[in-house]
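Student: Numbering (my numbering), first residue to last: 170 to 297. Don't be surprised by glycine CBs; every beta carbon is placed ideally from N, CA and C.
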């Protein structure tokens, strides 16, 4: 998924102000909404599968808590798409910063459902 600017996210119907900077800690399932830039780092914006509450977490590391490996994060960002069900693991550092420790795609939405228009196929027959 490409990172987008917050202005672009608003045009897509996502209000970044509706996302809390205090995500849950531990392991949980969430649907990916978008990825955006915060200064020099990326932030993952998502909503919890169980409650619909919206959160974001930056991908910057922290010396007090082991974060996600760069290779793992890069693979995740390259393959995740809006609406995919993901398993995130987040920890809180002693200084209160939230650190992404793990991110994996549990279930991807069908490729054709990501497009507004698609060629006739079994998964797109009801879209057109």
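#1: Residue 204: which of 242, 266, 198 and 222 sits nearest, CA to CA?
#2: What are the boundary residues of the alpha helix (DSSP H) that includes residue 241?
#3: When you compare each of 182, 175 and 197 to residue 211 by their alpha carbons, which one comes out closest?
#4: Which same chain residues end up closer than 7 Å to residue 295 when comparing Cβ atoms and leaving out the 5 residues on each side of it in sequence?
#5: Rounded to whole angstroms, what's the CA-CA distance from residue 272 to residue 191? Just pull it up for me.
#6: Any idea what DSSP makes of residue 264, helix, strand or coil?
#7: Can you tell which of 187, 183, 195 and 255 has the C-alpha that lies nearest to the C-alpha of residue 268?
#8: Could you tell me which residues DSSP puts in a beta bridge with residue 259?
#9: What is the residue span of the beta strand (DSSP E) that residue 211 lies within?
#10: Along the chain, where does the beta strand (DSSP E) that runs through residue 223 open and close?
#11: Going by C-alpha to C-alpha distance, which of 207, 230, 200 and 229 sits closest to residue 276?
#12: So, residue 274 versus residue 193, is the Cβ gap smaller than 9 Å?
Tutor: Let me lay it out:
#1: The residue with the shortest Cα to Cα distance from residue 204 is 242.
#2: Looking at the DSSP string, the run of the alpha helix (DSSP H) that includes residue 241 is 239 to 248.
#3: 175
#4: Model confidence at residue 295 stands at a pLDDT of 41, short of 50, so the residue's coordinates are unreliable; what they give is reported in the following sentence. Nothing listed; no residue qualifies.
#5: If I take the Cα positions, the gap works out to 17 Å.
#6: coil
#7: 195
#8: Answer is 195 and 269.
#9: Residues 210 to 217.
#10: 223 to 227
#11: 200
#12: no
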